[in-house]
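Just so you know, the sequences run in chain order A and B. Here my numbering is used: the first residue of the first sequence is 604, the next is one more, and so on. Here my numbering is used: the first residue of the second sequence is 280, the next is one more, and so on.
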Amino acid sequence: MTKRIDNRNPNQMRPLSSILGENENSDGSVIYSQGKTKVLVGVHGPKEVNTFKEQYDKATVSVVVKTEQRDDLRKEKTLEKDLKGILEYMIFTERSPRSEIIITAHILNDDGSLFSTLVNACVLALCDAGIEIRSLVYSITFLITENKILIDPIENEIAKISNHSRVSLVLSKDNEDSIVFSKCIGLTSLEIYDKCLEIGNVAKLSIRKFMKQSLKKNQNK
Amino acid sequence: MNSELIGTFVLPDEKLGEMNSNSMKVGNGLVISNGSLVSSKCGILRFKNPDKYWIDNNQKRYTPIVGQPVIGFITQKVGTEYLVDLGTNIPAVLSFFGFPGATKKNRPQLKINDTVYARIIASNGTEEPQIVCMDKNERASGFGQLEGGYCFKCSLNLSRKFLQPRNKILSYLGKKLKFEIAVGVNGRIWINSGSVQDTILITNAIQRTEGLTEKPARKVINMLFDNMM
């Protein structure tokens, strides 16, 4: 197998790290990084909600994403909208009606696979806050060039390859019908997409293992 | 099935076993889905004889449960009721009649931003929880307005520990200082003592000994005392 720019195998993810519960103002928080891509996610809730946002049978989920430079507001809004859909699937909103759950994400460093990092960080922050969860999700990004599929790409890899496409998958723990959310940038054939799904279904187990380890260690604090 | 998982750390959305309503009472962090017991929070699965199951986790946000003592701040006066902030998703309602000896002519004299120690008498998740400042026999027993003092936030596990009888940290502090304390299960603790120094000392002692056993806790408290004197 040819090694990548940072000496990884095509199927190898970057090292994951997380620090839980550092932010005292929020009900749950995490500083999570995949390699050098680092995000800080804080969760507040379930708390009081304004009447115009209130839903009588569910909690309202609000997401705020802030990039480092605050120069691309369209990117922030797109991330907010995508995350909101995924979080509404993940959080057990029926258990706290007439309330609001606010998730704030600050992007501390973007070195590729930002979307996946944000989703995984949100999962950890929600678990730390003790908000009831219907279904856990795991997210992986793939970089597709010619016939190669590279998992968890970094910014250097994406910049150096001119003709590429990217697929970001958010998967639940089931093995069949596991796709919760999928985003493709550029053209991908169905064969390659299915291959990404196959690799993703295996990779999500190591993400789950990492999450369990971090949350268990934090429990004993 | 269930028994192997008791005492182990579980993630949310893990199937824990078949649900048997005759022999199982479901508590914090567990839901029933398609006839089986599923976790909805991460934490350690606990079991207490004969039939109670729950997930042991630590969080800062409180969901109101009937019968528990809470500390609230008055935010509004509406008609014959006060709206009280408990830190939950819906503010609680404290009626003027929720005080011992209250009548139409004998009204409570509380103002906005006053602190009250109350008991939850009704809560169903969708409506405002109702609180009263008296016990089951309609006597004050410590409930009511908390005047003066200092109120701070803590995690739910910490407040529950301080509500247990013969709490070791409180008895150790009580040997050296004089103070009044009120603990609400909604993660709020109120302290009133003779001087500002003492209040700061007690607050630090409570916050910094979270999760410690008796000996290390005493060391921390002794260190705080030494730094003060």
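For each residue, glycine too, the CB sits at the ideal point set by N, CA and C. From a predicted model like this one, the values you see are computed outputs, not experimental measurements.
| task | Using three-state DSSP, classify residue 686 of chain A as helix, strand or coil. | result | Collapsing the DSSP output to three states places residue 686 of chain A in a helix.
| query | The alpha helix (DSSP H) spanning residue 806 of chain A covers which residue range? | reply | In this chain, the alpha helix (DSSP H) harbouring residue 806 of chain A covers 793 to 822.
| request: Please state whether DSSP places residue 655 of chain A in a helix, a strand or coil. | output: When secondary structure is reduced to three states using DSSP, residue 655 of chain A falls in the coil class, being assigned neither helix nor strand.
| query | Within the chosen definition, does the region 620 to 632 of chain A reach the region 640 to 656 of chain A through at least 3 CB pairs nearer than 8 Å? | reply | Touching, yes, given that three or more Cβ pairs across the two stretches are closer than 8 Å.
| query | Name the DSSP beta bridge partners of residue 348 of chain B, please? | reply | DSSP lists B/398 as partners of residue 348 of chain B.
| message | Does residue 769 of chain A come out as helix, strand or coil in the three-state DSSP assignment? | response | Collapsing the DSSP output to three states places residue 769 of chain A in a strand.
| Any beta-carbon of chain E closer than 7 Å to the one on residue 649 of chain A? | Structure shown: chain E not included; protein chains present are A and B.
| said: Under 7 Å, Cβ to Cβ, is there at least one residue of chain A near residue 290 of chain B? | reply: By the rule that beta-carbons nearer than 7 Å mark a contact, residue 290 of chain B touches chain A.
| query | Does the beta-carbon of residue 686 of chain A have 16 or more other beta-carbons within 10 angstroms, so that it is buried, or is it exposed? | reply | The residue is buried, with at least 16 neighbouring Cβ atoms inside 10 Å.
| Cβ-Cβ distance between residue 442 of chain B and residue 484 of chain B below 7 Å | With a cutoff of 7 Å on beta-carbon distance, residue 442 of chain B and residue 484 of chain B are scored as not near each other.
| field | Cβ-based contacts, 8 Å cut-off: residues of the region 305 to 330 of chain B near chain A | value | Residues 308, 310, 319, 320, 321, 322, 323.
| query | Are the region 692 to 706 of chain A and the region 655 to 665 of chain A touching, with three or more C-beta to C-beta distances below 8 Å? | reply | These segments touch.
| For residue 482 of chain B and chain A, any beta-carbon pair shorter than 7 Å? | No, its Cβ sits nowhere closer than 7 Å to a Cβ of chain A.
| message | Taking the beta carbon of residue 478 of chain B as the centre, do at least 16 other beta carbons fall within 10 Å, making it buried, or is it exposed? | response | Buried, because 16 or more other Cβ atoms sit within 10 Å of the Cβ of residue 478 of chain B.
| query | In whole angstroms, what is the alpha-carbon distance linking residue 450 of chain B and residue 392 of chain B? | reply | Using only the alpha carbons, I get a separation of about 31 Å.
| Cα separation between residue 810 of chain A and residue 341 of chain B? | Our two residues, residue 810 of chain A and residue 341 of chain B, have alpha carbons roughly 30 Å apart in a direct line.
| request: Give, in chain order, every unbroken run of the beta strand (DSSP E) that is at least 3 residues long and sits entirely within the region 691 to 770 of chain A. | output: With a minimum length of 3 residues, the continuous beta strand (DSSP E) runs that stay inside the region 691 to 770 of chain A are 702 to 712, 740 to 748, 751 to 754.
| So which of A/804, A/649, A/669, A/617 has the shortest CA-CA distance to residue 639 of chain A? | Comparing Cα-Cα distances from residue 639 of chain A to each of A/804, A/649, A/669, A/617, the minimum goes to A/617.
| query | Residue ranges of each alpha helix (DSSP H) run of no fewer than 4 residues wholly in the region 477 to 504 of chain B, ordered along the chain? | reply | Along the region 477 to 504 of chain B, the alpha helix (DSSP H) does not occur as any fully enclosed run of 4 or more residues.
| said: Quick check on residue 511 of chain B: buried or exposed, where buried means 16 or more other Cβ atoms within 10 Å of its Cβ? | reply: Only positions 280 to 508 of chain B appear in this structure, which leaves residue 511 of chain B out of reach.
| request: Provide the residue span of the beta strand (DSSP E) that contains residue 361 of chain B, from first to last. | output: First-last of the beta strand (DSSP E) with residue 361 of chain B: 360 to 364.
| query | How close, in whole Å, do the beta carbons of residue 789 of chain A and residue 767 of chain A come, if the pair is a contact with beta carbons under 8 Å? | reply | Indeed, because the Cβ distance is near 6 Å, the residues count as touching under 8 Å.
| When DSSP labels each residue in this structure, what does residue 285 of chain B get in the three-state scheme? | In this structure, residue 285 of chain B counts as coil in the three-state DSSP scheme.
| Given a threshold of 16 other Cβ atoms within 10 Å of its Cβ, counted over all protein chains shown, does residue 718 of chain A qualify as buried or as exposed? | Classification of residue 718 of chain A: buried, given that the 10 Å Cβ count is 16 or more.
| Sorted by chain position, which residues of the same chain lie with C-beta nearer than 6 Å to residue 709 of chain A's C-beta, five sequence neighbours on each side aside? | So the qualifying residues of the chain are 643, 669.
| message | For a cutoff of 7 Å on Cβ pairs, would you count residue 465 of chain B as touching chain A? | response | Among the CB atoms of chain A, none fall inside 7 Å of the CB of residue 465 of chain B.
| message | Does the contact criterion of 3 or more C-beta pairs under 8 Å hold for the region 369 to 384 of chain B versus the region 677 to 691 of chain A? | response | Because the criterion of three Cβ pairs below 8 Å is not met, the region 369 to 384 of chain B and the region 677 to 691 of chain A do not touch.
| Three or more C-beta pairs below 8 Å linking the region 768 to 780 of chain A and the region 321 to 329 of chain B | Using a Cβ-Cβ distance cut-off of 8 Å, the region 768 to 780 of chain A and the region 321 to 329 of chain B are not in contact, since fewer than three pairs of beta carbons, one from each stretch, lie closer than that value.
| Once you ignore the five residues that flank residue 614 of chain A on each side, which residues in its own chain have a CB closer than 7 Å to its CB? | Hits under 7 Å: 754, 802.
| field | Member of A/740, A/795, A/657 whose CA lies at the smallest distance from the CA of residue 270 of chain B | value | The shown model of chain B, from 280 to 508, leaves out residue 270 of chain B, and the question about it has no answer.
| Does the beta carbon of residue 725 of chain A sit closer than 7 Å to a beta carbon anywhere in chain B? | Among the CB atoms of chain B, none fall inside 7 Å of the CB of residue 725 of chain A.
| said: Would you say residue 735 of chain A lies against chain B (beta-carbon separation less than 7 Å)? | reply: Chain B, which has a Cβ nearer than 7 Å to the Cβ of residue 735 of chain A, makes this yes.
| With 7 Å set as the bound, which would you pick, yes or no: does the beta-carbon of residue 368 of chain B sit closer than that to a beta-carbon of chain A? | Answer yes: the Cβ-Cβ gap between residue 368 of chain B and chain A drops below 7 Å somewhere.
| message | Between the alpha carbons of residue 314 of chain B and residue 297 of chain B, how many angstroms are there, rounded? | response | Roughly 6 Å between the two C-alpha positions.
| task | For the beta strand (DSSP E) containing residue 341 of chain B, list its first residue and its last residue. | result | Premise fails: residue 341 of chain B is in no beta strand (DSSP E) and is neither H nor E.
| said: Tell me the rounded alpha-carbon separation between residue 635 of chain A and residue 757 of chain A. | reply: CA-to-CA, the gap between residue 635 of chain A and residue 757 of chain A works out to about 16 Å.
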